[in-house]
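Colleague: Numbering (this note's numbering), first residue to last: 38 to 145.
Even glycine gets a Cβ: it sits at the ideal position worked out from N, Cα and C.
None of the values given here were measured: they were computed from a predicted structure.
For reference, the structure I am asking about is given below.
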């Protein structure tokens with residue numbers, strides 16, 4: 038019986054054409070706006086909401102291009118938060134702080 042697995046007389050199958058479609062989001066136009074909002078301290082959720090896009094789309098783009106958080110953290114016990122009073126982004130020194138330093142000073 039002839040071995041059917043080692044047939045070299047057949048031509049290689051043509052590679053199917055790669056499916057291409059136009060991009061749904063024009064990142065070249067959105068990149069400056071994303072950078073501006075991130076520099077202002079907006080979270081990913083807030084940035085996506087202001088740009089009227091899906092948060093998962095923005096998260097995937099930021100992860101794919103290795104864009105880090107706008108607010109750097111110095112110590113591992115610091116936490117990124119959004120103030121419950123004024124909605125600004127800040128880095129809390131502890132995990133229980135929910136107000137930015139300005140609002141804490143105002144309410145103290």
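With residue 119 and residue 145 assumed to form a contact (beta carbons below 8 Å), what rounded beta-carbon distance in angstroms separates them?
Modeller: The pair is not a contact, with the Cβ atoms about 20 Å apart (cut-off 8 Å).
Colleague: Starting from residue 100, trace the alpha helix (DSSP H) in both directions and tell me its first and last residue.
Modeller: Element bounds for residue 100: 92-101.
Colleague: Given residue 122, which residues of its chain have a CB within under 7 Å of its CB, disregarding the five upstream and five downstream residues?
Modeller: The residues are 136, 140.
Colleague: Looking at the secondary structure, which residues open and close the beta strand (DSSP E) in which residue 119 lies?
Modeller: Its beta strand (DSSP E) spans residues 116-119.
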